[in-house]
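These protein sequences, in sequence, are chains D and Y. Okay, so the first sequence: first residue is 9 according to the numbering used here, each after it adds one. Okay, so the second sequence: first residue is 9 according to the numbering used here, each after it adds one. For every residue, glycine included, the Cβ atom is placed at its ideal position computed from N, Cα and C. Just so it is clear, the structure is predicted and the values come from calculations on it, not from any experiment. Report on one structure; see the data block that follows.
2 protein chains.
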Amino acid sequence: MTDQPAPMSIQAIESYHAHVYFDGPEARQRAEVLRDRIAQRFPVQMGRWRDQPVGPHPTAMYQVAFEATLFPSLVPWLMLNRQGLTIVVHPNTDRPKDDHLVHALWLGAVLPLDGTGLEASLSALGRAQDEIMPNTTPALTDI
Amino acid sequence: MTDQPAPMSIQAIESYHAHVYFDGPEARQRAEVLRDRIAQRFPVQMGRWRDQPVGPHPTAMYQVAFEATLFPSLVPWLMLNRQGLTIVVHPNTDRPKDDHLVHALWLGAVLPLDGTGLEASLSALGRAQDEIMPNTTPALTDI
Numbered sequence: 009m010t011d012q013p014a015p016m017s018i019q020a021i022e023s024y025h026a027h028v029y030f031d032g033p034e035a036r037q038r039a040e041v042l043r044d045r046i047a048q049r050f051p052v053q054m055g056r057w058r059d060q061p062v063g064p065h066p067t068a069m070y071q072v073a074f075e076a077t078l079f080p081s082l083v084p085w086l087m088l089n090r091q092g093l094t095i096v097v098h099p100n101t102d103r104p105k106d107d108h109l110v111h112a113l114w115l116g117a118v119l120p121l122d123g124t125g126l127e128a129s130l131s132a133l134g135r136a137q138d139e140i141m142p143n144t145t146p147a148l149t150d151i
Numbered sequence: 009m010t011d012q013p014a015p016m017s018i019q020a021i022e023s024y025h026a027h028v029y030f031d032g033p034e035a036r037q038r039a040e041v042l043r044d045r046i047a048q049r050f051p052v053q054m055g056r057w058r059d060q061p062v063g064p065h066p067t068a069m070y071q072v073a074f075e076a077t078l079f080p081s082l083v084p085w086l087m088l089n090r091q092g093l094t095i096v097v098h099p100n101t102d103r104p105k106d107d108h109l110v111h112a113l114w115l116g117a118v119l120p121l122d123g124t125g126l127e128a129s130l131s132a133l134g135r136a137q138d139e140i141m142p143n144t145t146p147a148l149t150d151i
């Protein structure tokens, strides 16, 4: 076992993205309910509706970007309340391709993601991660 | 949307189980590395090796039971360091069947679980959840 690479530290994770997938009008309605409920409860950066596949994602979705500090409340809440939808939660480290294809957790199903346009390393390109800019105004504190 | 049931509170989650799956000797070796690394870092209740499918689980696995307080460190650590293995993390609420079949998060793939022997509600049967009894002695604090 001496050839095993050292573990990665969770300190490498600066933030997370959840992507809430929906496929068809009925699932989109459930995605609306979920979106409203997330916004009522969590200070996240809620992305716009993407009704066509974009980037690595195989179906329509919206993105929910959040700081690592929300992981212990938002992720369990999604586990309990995902409205039957498929959701991926991927960390944001220096390695976007691995974050999507290797490091992600999935609720409901694992969908195939297209890693073609994802970078192996941001720092190697002189790039940094996007800052999270929360745009929700949560009023419910009883999570 | 008025017919939507109210969200479940994450307060319903008393603890979590991770199940680390492996299928074949090569994967079992990776599962050994992962098991040692978890035990070195996290105060969990490490279950014994299950080299045959048991209960709802479709392949060999071992269970890692842990308090909800470990969720924000252990789950991201598993996301980054799962050795290519498939892992389920399910909450333990009053509803074991839902916890396995609906509420779980998956790393690597979603495996089919057999819900036949899982109870809809523990409290309806006068039962409580098993307490977590950590049996590891972690020495590494740099997670």
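Beta-carbon of Asn89 (chain Y) versus every beta-carbon of chain D: anything under 8 Å? Residue mapping note: residue 89 (chain Y) aligns to position 81 of the second sequence, counting from 1. So, interface residue.
With a threshold of 8 Å between beta carbons, is Val41 (chain D) in contact with chain Y? Here residue 41 (chain D) refers to the residue found at position 33 when the first sequence is read from its first residue. Interface criterion met: the Cβ of Val41 (chain D) is under 8 Å from a Cβ in chain Y.
If you run the structure through DSSP and keep just helix, strand and coil, what is Ser17 (chain D)? In the first sequence, residue 17 (chain D) corresponds to position 9, counting from 1. In this structure, DSSP gives Ser17 (chain D) a state outside helix and strand, which the three-state scheme calls coil.
Between which two residues does the beta strand (DSSP E) holding His27 (chain D) run? Along the first sequence, one-based indexing puts residue 27 (chain D) at 19. According to the DSSP assignment, His27 (chain D) belongs to the beta strand (DSSP E) that extends over 23-29.
Quick one: does the C-beta of Asp102 (chain Y) sit closer than 7 Å to a heavy atom of the ligand SAM? This structure lacks the ligand SAM, and indeed carries no ligand of any kind.
Presumed contact (8 Å Cβ cut-off) between Phe50 (chain Y) and Pro84 (chain D), rounded CB distance: Here residue 50 (chain Y) refers to the residue found at position 42 of the second sequence. Here residue 84 (chain D) refers to the residue found at position 76 of the first sequence. 17 Å between Cβ atoms; not a contact.
Strictly by DSSP, which residues pair up with Gln71 (chain Y)? Counting from one through the second sequence, the residue named residue 71 (chain Y) turns up at place 63. Gln71 (chain Y) is bridged to Y:His27.
Assuming Leu148 (chain Y) is part of the alpha helix (DSSP H), what are its boundary residues? Here residue 148 (chain Y) refers to the residue found at position 140 when the second sequence is read from its first residue. First-last for Leu148 (chain Y): undefined, no H or E at that position.
Round the Cβ separation of Leu42 (chain Y) and Leu113 (chain D) to the nearest angstrom and send it over; I've been treating them as touching at under 8 Å. In the second sequence, counting from the first residue as 1, residue 42 (chain Y) sits at position 34. In the first sequence, counting from the first residue as 1, residue 113 (chain D) sits at position 105. Rounded, the Cβ-Cβ distance is 16 Å, inconsistent with contact.
Proximity of Arg36 (chain D) and Gln91 (chain D) at Cβ, strictly below 8 Å: Position 28 of the first sequence, counted from the start, is the residue given in the question as residue 36 (chain D). Position 83 of the first sequence, counted from the start, is the residue given in the question as residue 91 (chain D). It is not a contact, given that the beta carbons lie outside the stated cut-off.
Using CA atoms only, rank isn't needed, just tell me which of Y:Thr145, Y:Ser129, Y:Lys105, Y:Ile140 is closest to Gly63 (chain Y). Residue mapping note: residue 63 (chain Y) aligns to position 55 of the second sequence, counting from 1. Nearest C-alpha to Gly63 (chain Y): Y:Lys105.
Are the Cβ atoms of Leu126 (chain D) and Gln137 (chain D) separated by less than 8 Å? Taking the first sequence and counting its residues from 1, one reaches residue 126 (chain D) at position 118. Taking the first sequence and counting its residues from 1, one reaches residue 137 (chain D) at position 129. Contact: no.
9 Å Cβ cut-off: residues of chain D touching Ala20 (chain Y): Translated into positions along the second sequence, residue 20 (chain Y) becomes position 12. The contacting residues are Leu88.
Check whether the Cβ of Thr149 (chain Y) lies closer than 8 Å to any Cβ atom in chain D. As a working mapping, residue 149 (chain Y) is identified with position 141 in the second sequence. Not an interface residue.
Compute the distance between the beta-carbons of Ala26 (chain D) and Val72 (chain D), then report whether it is under 8 Å. Mapped onto the first sequence, residue 26 (chain D) falls at position 18. Mapped onto the first sequence, residue 72 (chain D) falls at position 64. Contact annotation: Ala26 (chain D) and Val72 (chain D) have beta-carbon atoms nearer than 8 Å.
Below 7 Å CB to CB, which residues in the same chain sit around Thr144 (chain Y) once its five sequence neighbours on both sides are set aside? If you number the second sequence from 1, residue 144 (chain Y) lands on position 136. So the qualifying residues of the chain are Ala47, Phe50, Pro51, Val52, Met54.
Do Tyr29 (chain Y) and Thr67 (chain Y) have their CB atoms nearer than 8 Å? Taking the second sequence and counting its residues from 1, the one referred to as residue 29 (chain Y) is at position 21. Taking the second sequence and counting its residues from 1, the one referred to as residue 67 (chain Y) is at position 59. In this structure, Thr67 (chain Y) lies closer than 8 Å to Tyr29 (chain Y) by Cβ.
Just how far apart, CA to CA, sit Met69 (chain D) and Pro15 (chain Y)? By one-based count along the first sequence, residue 69 (chain D) stands at place 61. By one-based count along the second sequence, residue 15 (chain Y) stands at place 7. Cα to Cα, the separation comes out at about 21 Å.
Excluding the five sequence neighbours on either side, which residues of its own chain have a C-beta within less than 8 Å of the C-beta of Met9 (chain Y), listed in chain order? Locating residue 9 (chain Y) in the second sequence gives position 1, where the first residue counts as 1. With a pLDDT of only 48 at Met9 (chain Y), under the threshold of 50, the placement of this residue in the model should not be trusted; the figure read from the coordinates follows. The beta carbon of Met9 (chain Y) is closer than 8 Å to none in its chain, skipping five residues each way along the sequence.
Near Leu148 (chain D), what residues of its chain come up, given a Cβ to Cβ distance below 6 Å and the 5 sequence neighbours on each side ignored? Walking along the first sequence from the start, residue 148 (chain D) turns up at place 140. Here the set comprises Gln48, Arg49.
Would Ala117 (chain Y) count as contacting chain D if we go by Cβ distances under 8 Å? What you label residue 117 (chain Y) is simply residue 109 of the second sequence in a count that begins at 1. Contact of Ala117 (chain Y) with chain D is assigned, a C-beta pair being separated by under 8 Å.
Apply the 10 Å Cβ neighbour rule to Pro120 (chain Y) and answer buried if 16 or more other Cβ atoms are within range, or exposed otherwise. Counted from its first residue, the second sequence places residue 120 (chain Y) at position 112. It is exposed - the Cβ of Pro120 (chain Y) has fewer than 16 other Cβ atoms within 10 Å.
In chain Y, what lies closer than 9 Å to Ser17 (chain D) by C-beta? As a first step, residue 17 (chain D) is located in the first sequence; it is residue number 9 there, counting from the start. Chain Y residues near Ser17 (chain D): Trp85, Leu88, Asp150, Ile151.
Determine the chain D residues that contact Ser129 (chain Y) at a beta-carbon separation under 8 Å, and present them in chain order. Within the second sequence, the letter at position 121 stands for residue 129 (chain Y). Those do not exist, as Ser129 (chain Y) stays about 15 Å from chain D at its closest Cβ, beyond 8 Å.
Could you compute how far the alpha carbon of Thr94 (chain Y) sits from the alpha carbon of Gln19 (chain D)? Taking the second sequence and counting its residues from 1, the one referred to as residue 94 (chain Y) is at position 86. Taking the first sequence and counting its residues from 1, the one referred to as residue 19 (chain D) is at position 11. Counting only the Cα atoms, Gln19 (chain D) lies some 23 Å from Thr94 (chain Y).
Those runs of the beta strand (DSSP E) which lie wholly inside the region 78-126 of chain Y and span at least 3 residues: Within the region 78-126 of chain Y, the complete beta strand (DSSP E) runs of at least 3 residues are 95-100, 113-115.
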